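Colleague: Residue numbers (our numbering), protein chains in the order written: chain R, 453 to 745; chain U, 569 to 883.
The structure under discussion is supplied below as structure tokens; questions concerning it will follow.
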Amino acid sequence: MVTMKSAGAKLRDLMARPKFIPALGVWDPYTARLAERMGIECVHLGGYQLGARFVTPEPLLSLTEVATTTHYITSAVNIPLVVDVGAGFGEPLHVMRCVKEIEKAGAAAIQMEDQIYPKRAHYHKGIEHVIPREEMVAKIKAARAARTDPDFVIIGRTDAMRTDGYEEGIARANLYFDAGADMVMVFPNNLEEAKQAPRDAKGPLAYTNSEGNRLPRPTFTTQQYQDMGYKLASYPTALLCPATQEMKRIIANILTRGESGIPRENMVVWRKEVEDLIGLEEAYKIESETVEH
Amino acid sequence: MSPGRQLRELIAKRKFLVTPGLTTPLHAMIVERAGFEIVYTGGYDVSLTLFGLPDVGLITATEMVANARNIARAVKVPVIADVDTGYGNALNVIRTVQDYESAGVAAIHIEDQVHPKKCGHVAGKQLISREEAVGKLRAAIDRKADKDFVIIGRTDAIAAAGGGLDEAIARGRAYADAGCDLVWAEFPSASLEQPRQFAQAMRQTHPELPLYFNYSANLNWAEHPASFEEIATLGFKVMHVSLCGMRTTMQAMWDYAVNLRQSGAQAEIEFQKQLSKHPMGKFHELARFPEFKALEEKYLPNEIFQARYEGAFGL
Numbered sequence: 453m454v455t456m457k458s459a460g461a462k463l464r465d466l467m468a469r470p471k472f473i474p475a476l477g478v479w480d481p482y483t484a485r486l487a488e489r490m491g492i493e494c495v496h497l498g499g500y501q502l503g504a505r506f507v508t509p510e511p512l513l514s515l516t517e518v519a520t521t522t523h524y525i526t527s528a529v530n531i532p533l534v535v536d537v538g539a540g541f542g543e544p545l546h547v548m549r550c551v552k553e554i555e556k557a558g559a560a561a562i563q564m565e566d567q568i569y570p571k572r573a574h575y576h577k578g579i580e581h582v583i584p585r586e587e588m589v590a591k592i593k594a595a596r597a598a599r600t601d602p603d604f605v606i607i608g609r610t611d612a613m614r615t616d617g618y619e620e621g622i623a624r625a626n627l628y629f630d631a632g633a634d635m636v637m638v639f640p641n642n643l644e645e646a647k648q649a650p651r652d653a654k655g656p657l658a659y660t661n662s663e664g665n666r667l668p669r670p671t672f673t674t675q676q677y678q679d680m681g682y683k684l685a686s687y688p689t690a691l692l693c694p695a696t697q698e699m700k701r702i703i704a705n706i707l708t709r710g711e712s713g714i715p716r717e718n719m720v721v722w723r724k725e726v727e728d729l730i731g732l733e734e735a736y737k738i739e740s741e742t743v744e745h
Numbered sequence: 569m570s571p572g573r574q575l576r577e578l579i580a581k582r583k584f585l586v587t588p589g590l591t592t593p594l595h596a597m598i599v600e601r602a603g604f605e606i607v608y609t610g611g612y613d614v615s616l617t618l619f620g621l622p623d624v625g626l627i628t629a630t631e632m633v634a635n636a637r638n639i640a641r642a643v644k645v646p647v648i649a650d651v652d653t654g655y656g657n658a659l660n661v662i663r664t665v666q667d668y669e670s671a672g673v674a675a676i677h678i679e680d681q682v683h684p685k686k687c688g689h690v691a692g693k694q695l696i697s698r699e700e701a702v703g704k705l706r707a708a709i710d711r712k713a714d715k716d717f718v719i720i721g722r723t724d725a726i727a728a729a730g731g732g733l734d735e736a737i738a739r740g741r742a743y744a745d746a747g748c749d750l751v752w753a754e755f756p757s758a759s760l761e762q763p764r765q766f767a768q769a770m771r772q773t774h775p776e777l778p779l780y781f782n783y784s785a786n787l788n789w790a791e792h793p794a795s796f797e798e799i800a801t802l803g804f805k806v807m808h809v810s811l812c813g814m815r816t817t818m819q820a821m822w823d824y825a826v827n828l829r830q831s832g833a834q835a836e837i838e839f840q841k842q843l844s845k846h847p848m849g850k851f852h853e854l855a856r857f858p859e860f861k862a863l864e865e866k867y868l869p870n871e872i873f874q875a876r877y878e879g880a881f882g883l
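What follows is the structure in structure tokens.
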């Protein structure tokens with residue numbers, strides 16, 4: 453009998469290697485499948501991208517929307533998915549339902565932060581409010597208690613480095629490790645803090661590679677993250693923002709020139725790639741064996 | 569006519585409106601058939617009936633609005649829906665209002681508890697500030713698409729930590745000033761003393777404002793038997809009896825289950841006899857199978873329709 457590895461166990465396998473994990477930010481099964489096909493080993497469903505998918509700021513997303521999207525993505529790929537659950541949708545009780553839903557939807561991990569709930573859109577501008585340490589510790593303990601697969605990964609996230617300074621951020625990261633977080637995501641304010649954090653933390657740290665952020669927080673290459681000692685980073689904007697620009701270009705072409713402007717020979721190849729990605733050939737094959745003789 | 573308009577006209581025409589609180593589209597169809605002119609769906613009912621969970625803010629806005637949409641689709645009468653705190657702050661409230669409007673409900677009620685919330689009749693409720701609550705209600709009123717969509721402002725101040733009747737009156741007035749169409753205060757007892765005081769105080773400042781009343785299943789009405797007319801006389805224009813769909817089906821389901829365990833097939837035989845004489849006995853008719861068969865006859869090619877039904881057994 454073949455025992456299937458749980459999503460959490462797959463992520464733990466990746467974490468056990470010395471290598472850094474670039475958890476690419478995706479927002480639907482299609483982007484996740486593309487990332488997997490190209491060799492990405494772990495994907496990340498961030499509130500930023502999912503908000504964009506629903507055309508709403510992240511604080512307005514419901515657990516149902518996050519869990520449904522999680523389910524669709526995990527059905528489309530075999531690589532582990534980390535799910536950003538924001539502030540966990542409330543107090544410990546709500547965190548527990550959240551963990552159950554997200555784990556059941558096939559995710560490998562949740563990432564939960566110590567911001568206030570309901571969340572405010574202003575945090576995208578660097579204006580944040582964090583809950584007291586002990587409340588967040590209780591939420592992490594609740595998340596641990598609610599998981600049914602012991603390999604399901606709990607990633608705590610502290611925004612306190614930004615609100616209360618480096619020391620508070622590190623103190624919280626270590627408290628969250630003590631409470632049972634398997635990894636903690638931090639937000640260093642500058643290069644120095646970014647280098648220092650992995651040395652001061654008790655456990656593996658995660659980073660948000662938010663290219664385009666208007667704060668002084670730097671982003672790094674995967675090699676640099678690995679050298680500094682980070683275990684994982686999410687990439688919320690890496691696909692979404694450039695893809696938007698490319699779509700804008702085509703839309704503008706149709707509006708102004710009356711056509712997309714892509715050479716036909718390119719489109720033939722590109723279209724086949726899309727169809728291969730979603731498994732159209734397999735569908736043809738099944739039909740010809742059954743209903744389309 | 570929009571559902572909000574429908575409800576407003578009923579409120580203007582009738583001395584008062586009352587309805588049993590329910591959970592599902594089927595409950596709503598039954599209540600409509602029994603002659604009620606509005607239906608009400610509450611959060612406690614949905615939590616326990618559809619999810620097996622307590623009413624402590626675990627059900628998401630998406631889940632709640634999906635159920636409200638199904639109810640609104642199933643009946644012609646206007647639907648009043650419980651949206652708890654509006655599922656967050658003022659921003660969340662705006663999304664909630666838009667979702668419920670497009671779901672086809674006529675009215676929503678928004679309460680001033682801290683989100684995530686607690687059931688209105690259990691201890692441990694906390695209030696958001698008066699200012700924040702007014703901001704949320706203003707957001708709802710400013711951002712509704714149909715001007716006739718009805719916003720009911722609810723205050724849980726009487727029984728909440730740091731609250732009381734005076735706080736509830738102050739909040740009721742503030743919510744009315746913010747533009748709420750109806751105001752509702754949650755009362756911790758079946759005695760009409762507090763409702764009377766609340767209604768009097770509201771009438772002093774807002775003589776035209778209709779009030780909403782929760783004839784709550786959590787209160788002991790036998791100790792204070794009051795008729796709906798008496799309650800309406802105080803100034804309460806719209807009211808619902810809470811948790812009716814849930815409690816009546818719980819009782820009936822329990823009795824049936826116990827019977828079936830004890831008496832086996834005989835229990836079902838007895839039940840069939842009873843049900844056949846009951847107005848709900850013709851449930852295939854309530855489900856509108858005959859209507860859908862007529863639609864098939866009208867729109868399907870005749871040979872397909874004939875092939876489907878000729879010599880077939882069933883409904």
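Note that CB positions come from ideal geometry on N, CA and C, so glycine has one too.
Every value quoted in this text rests on a predicted model; they were computed, and no experiment measured them.
Quick one: is residue 614 of chain U near chain R, going by C-beta distance under 8 Å?
Modeller: no
Colleague: Considering just the uninterrupted stretch of the alpha helix (DSSP H) at residue 801 of chain U, what are its terminal residues?
Modeller: 796-801
Colleague: Taking the straight line between their C-alpha atoms, what separation do you get for residue 590 of chain R and residue 584 of chain R?
Modeller: 10 Å
Colleague: Tell me, please, whether the region 805-819 of chain U touches the region 580-596 of chain U by the rule of three or more beta-carbon pairs shorter than 8 Å.
Modeller: Between the region 805-819 of chain U and the region 580-596 of chain U there are three or more inter-stretch CB-CB distances shorter than 8 Å, so the stretches are counted as touching.
Colleague: Are residue 605 of chain U and residue 644 of chain U closer than 8 Å when you measure CB to CB?
Modeller: Not in contact: residue 605 of chain U and residue 644 of chain U (Cβ atoms no closer than 8 Å).
Colleague: As an exercise, report each continuous alpha helix (DSSP H) stretch of at least 4 residues that is fully enclosed by the region 570-606 of chain U, in chain order.
Modeller: 571-581, 593-601
Colleague: Which chain R residues sit within Cβ distance under 8 Å of residue 660 of chain U?
Modeller: Going along chain R in sequence order, the residues near residue 660 of chain U (Cβ under 8 Å) are 511, 512, 570.
Colleague: Among R:698, R:694, R:673, R:548, whose alpha-carbon lies nearest the alpha-carbon of residue 686 of chain R?
Modeller: Comparing Cα-Cα distances from residue 686 of chain R to each of R:698, R:694, R:673, R:548, the minimum goes to R:673.
Colleague: For residue 680 of chain R, tell me which candidate among R:472, R:460, R:463, R:726 has the shortest Cα-Cα distance.
Modeller: R:472
Colleague: Taking 8 Å as the threshold, find out whether the region 474-491 of chain R comes into contact with the region 611-622 of chain R through three or more Cβ pairs.
Modeller: no
Colleague: Among the residues of its own chain, which have a CB less than 7 Å from the CB of residue 714 of chain U, if the five just before and after it don't count?
Modeller: 570, 572, 669
Colleague: Return the bridge partner residues of residue 810 of chain U from the DSSP annotation.
Modeller: Paired residues: none, contrary to the question.
Colleague: Can you give the Cα-Cα distance for residue 705 of chain U and residue 658 of chain U, rounded to whole angstroms?
Modeller: 8 Å
Colleague: Cα separation between residue 625 of chain U and residue 739 of chain R?
Modeller: Taking the straight line joining both Cα atoms gives about 46 Å.
Colleague: Would you kindly work out how many angstroms separate the C-alpha atoms of residue 661 of chain R and residue 639 of chain R, rounded to a whole number?
Modeller: 10 Å
Colleague: Exposed or buried, what is residue 870 of chain U when buried is set at 16 or more other beta-carbons lying within 10 Å of its beta-carbon?
Modeller: Flag for residue 870 of chain U reads exposed.
Colleague: Which residues in chain R sit within 8 Å of residue 684 of chain U, going by Cβ to Cβ distance?
Modeller: 541, 542, 543, 545, 546, 569
Colleague: How would you label residue 824 of chain U, buried or exposed, when you count the other beta carbons within 10 angstroms and need 16 or more for buried?
Modeller: exposed
Colleague: What are the uninterrupted segments assigned as alpha helix (DSSP H) that are 4 or more residues long and contained completely in the region 621-676 of chain U, given in chain order?
Modeller: 629-642, 658-670
Colleague: Expressed to the nearest angstrom, what Euclidean distance is found between the alpha-carbon atoms of residue 513 of chain R and residue 549 of chain R?
Modeller: Residue 513 of chain R and residue 549 of chain R: Cα-Cα distance of roughly 16 Å.
Colleague: Which runs of the alpha helix (DSSP H) fall wholly inside the region 504-541 of chain R and span at least 4 residues, in chain order?
Modeller: 515-528
Colleague: Taking 8 Å as the CB-CB cut-off, is residue 600 of chain R touching chain U?
Modeller: no
Colleague: What first and last residue would you give for the beta strand (DSSP E) that runs through residue 565 of chain R?
Modeller: 561-565
Colleague: Near residue 626 of chain R, what residues of its chain come up, given a Cβ to Cβ distance below 6 Å and the 5 sequence neighbours on each side ignored?
Modeller: Excluding residues up to 5 positions away in sequence, 654 lie with their Cβ nearer than 6 Å to the Cβ of residue 626 of chain R in the same chain.
Colleague: Beta-carbon of residue 692 of chain U versus every beta-carbon of chain R: anything under 8 Å?
Modeller: no
Colleague: Could you tell me whether the Cβ of residue 559 of chain R comes closer than 8 Å to any Cβ of chain U?
Modeller: At least 8 Å separates the CB of residue 559 of chain R from every CB of chain U.
Colleague: Between the Cα of residue 635 of chain R and the Cα atoms of R:657, R:652, R:645, which residue gives the shortest distance?
Modeller: R:657
Colleague: How long is the line joining the alpha carbons of residue 595 of chain U and residue 690 of chain R, rounded to whole angstroms?
Modeller: 49 Å
Colleague: Quick one, are the C-beta atoms of residue 517 of chain R and residue 571 of chain R less than 8 Å apart?
Modeller: no
Colleague: Using a C-beta to C-beta distance shorter than 7 Å, which residues of chain R count as neighbours of residue 711 of chain U?
Modeller: The contacting residues do not exist; residue 711 of chain U stays about 13 Å from chain R at best.
Colleague: On a Cα-Cα basis, can you pick out the residue from U:877, U:730, U:702 that is closest to residue 720 of chain U?
Modeller: The shortest Cα separation from residue 720 of chain U among U:877, U:730, U:702 belongs to U:702.
Colleague: Give the straight-line distance between the Cα atoms of residue 785 of chain U and residue 755 of chain U, rounded to the nearest whole angstrom.
Modeller: 12 Å
Colleague: Can you list, in chain order, the residues of the region 626-638 of chain U whose Cβ is nearer than 7 Å to any Cβ on chain R?
Modeller: Under the 7 Å Cβ criterion, the region 626-638 of chain U contributes 626, 628, 629, 630, 631.
Colleague: Let me know the secondary structure DSSP gives residue 678 of chain U once reduced to three states.
Modeller: strand
Colleague: State yes or no: is the C-beta of residue 607 of chain U within less than 8 Å of the C-beta of residue 675 of chain U?
Modeller: no
Colleague: With DSSP run on the structure shown, which of helix, strand or coil describes residue 477 of chain R?
Modeller: strand
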